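Asker: Below is a structure I'd like to ask you about.
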Amino acid sequence: MTNTALNVIERTNLPDLDEFGLMMRDYRMHLRARGLADGTVRQRLNHIYSLHAHFPNVLAVTTTDLEGHLSQRRHTLKPETRRSIRNSWQRFYAWAHKTGLIDVNPAADLEPVRLPRTMARIADDTLVLRGLETASLPEKAMVLLGRLAALRLSEITTLHTDDREGDVLRILGKGEHVRMVPINDELLDVLERLEHLQGDGYYFRGRWNGSMHPQAVNKIITRVTSCNPHSLRHAAATAAYEGTHDLRAVQEMLGHSSLATTERYLHVRADQIRAAAQATSLGLHAKPTTAIERTFLP
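Mapped onto the working numbering, the consecutive letters of the sequence shown carry residue numbers 15 to 312.
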């Protein structure tokens with residue numbers, strides 16, 4: 015729990031802090047027992063802490079309360095964020111219902127948050143290469159894990175030396191899914207040098223034994239490349255597809271459960287769209303090539 019979350023809880027409902035805190039401790043244990051990644055656990059908990067700031071008794075909220083709260087934030091939060099919040103609520107209240115804390119699950123029938131179709135945000139490789147010229151070894155590793163291995167920010171942050179077996183990374187991604195990600199020689203060289211420098215453990219270490227906080231890694235990557243970490247993942251997906259034209263392989267690399275999700279990650283250049291349009295030609299403006307064609311075609 016962050017200090018900010020603690021302060022919010024203390025201001026809003028001090029008498030219920032112990033009861034709420036115990037419940038959240040149990041829920042945290044439940045999430046960890048499911049094998050969720052650290053970043054996912056942190057996100058799930060933070061969404062409930064935020065809800066508690068608005069509804070001190072989170073076990074008494076109704077479906078209408080949740081719908082109204084999410085609707086009020088539609089102009090301040092991106093659809094992806096609102097969908098993530100909805101998913102966190104559904105998991106929390108499903109757990110609360112299953113454990114007997116509530117009789118009715120208020121999040122069970124929440125409408126899905128629809129994501130608009132938008133062009134993929136993709137990192138500019140010119141900026142990435144320029145930033146790598148002056149980056150430190152750990153900074154290079156952070157950037158290349160996003161740009162070459164297409165890892166998510168949370169996956170970069172929590173990557174451990176035990177997760178590497180030769181040129182393959184074992185990644186625990188969203189929804190407890192484990193995927194094996196082969197890495198190329200450029201990234202392998204950087205990781206091996208970082209291991210030699212630091213020894214075993216997290217590649218990116220915080221002040222107290224654990225891994226660095228995702229926000230800190232996000233700031234470093236953005237400062238070095240002028241691109242956010244997720245745009246590096248989009249760039250990696252696009253480069254992988256352009257190099258192989260194998261959508262299923264790219265899907266496995268990214269750890270997506272749906273091909274449709276992978277397709278949204280692929281950036282289509284303007285010249286590719288123009289080439290696609292030209293490919294539909296019927297040849298109406300083709301020059302006649304035979305004497306008969308030159309005689310009879312207008």
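Backbone N, C-alpha and C define an ideal beta-carbon position, used for all residues, glycine too. Just so you know, these numbers come straight off a predicted model, no measurement behind them.
1. Between I116, A253, D260, which lies nearest to T76 when the distance is taken from Cα to Cα?
2. Count the other C-beta atoms from every protein chain shown that fall within 10 angstroms of the C-beta of S243, then say buried if there are 16 or more, exposed otherwise.
3. Entirely within the segment 104-153 and at least 4 residues each: give me those alpha helix (DSSP H) ranges in chain order.
4. Just to confirm before moving on: does the CB-CB distance between P228 and L159 stay below 8 Å?
5. Report buried or exposed for L269, applying the criterion of at least 16 other Cβ atoms within 10 angstroms of its Cβ.
6. On the DSSP bridge list, what partners appear for I185?
7. Can Q57 and S85 be called in contact, C-beta distance under 8 Å?
8. Give the single residue among L261, Q292, A253, A293 whose Cα lies nearest to the Cα of D139.
9. Excluding the five sequence neighbours on either side, which residues of its own chain have a C-beta within less than 7 Å of the C-beta of L50, listed in chain order?
10. From the DSSP secondary-structure annotation, give me the bridge partner or partners of E179.
11. Taking the beta carbon of T18 as the centre, do at least 16 other beta carbons fall within 10 Å, making it buried, or is it exposed?
12. Could you check the C-alpha separation between G187 and R193 for me, to the nearest Å?
13. Rounding to the nearest angstrom, what Cα-Cα distance links R288 and L273 in this structure?
Answerer: Let's see:
1. Translated into the one-based positions of the sequence shown, residue 76 becomes position 62. Minimum Cα distance to T76 is reached at I116.
2. Working through the sequence shown from its first residue, we reach residue 243 at position 229. In the sequence under discussion, the amino acid at residue 243 is Pro, which differs from the Ser named in the question. Result: buried.
3. 139-148
4. Translated into the one-based positions of the sequence shown, residue 228 becomes position 214. Translated into the one-based positions of the sequence shown, residue 159 becomes position 145. The answer is no: Cβ separation not under 8 Å.
5. Along the sequence shown, one-based indexing puts residue 269 at 255. According to the sequence shown, residue 269 is Gly rather than Leu. G269 should be labelled buried.
6. Within the sequence shown, numbered from 1, the residue matching residue 185 stands at position 171. Its beta-bridge partners are R193.
7. Position 43 of the sequence shown, counted from the first residue, corresponds to residue 57. Position 71 of the sequence shown, counted from the first residue, corresponds to residue 85. Cβ distance not < 8 Å, so Q57 and S85 don't count as in contact.
8. The residue you call residue 139 lines up with position 125 of the sequence shown. Nearest of L261, Q292, A253, A293 to D139, Cα basis: A253.
9. In the sequence shown, residue 50 corresponds to position 36, counting from 1. Correct list, in chain order: E190.
10. Within the sequence shown, the letter at position 165 stands for residue 179. Answer by DSSP bridge pairing, in chain order: V182.
11. Looking up residue 18 in the sequence shown gives position 4. Any reading at T18 must be qualified, since the residue scores a pLDDT of 40, below 50, and its modelled position is unreliable; no value is offered.
12. Looking up residue 187 in the sequence shown gives position 173. Looking up residue 193 in the sequence shown gives position 179. Straight-line Cα distance between these residues: approximately 7 Å.
13. Along the sequence shown, read from residue 1 onward, the residue named residue 288 stands at position 274. Along the sequence shown, read from residue 1 onward, the residue named residue 273 stands at position 259. About 24 Å.
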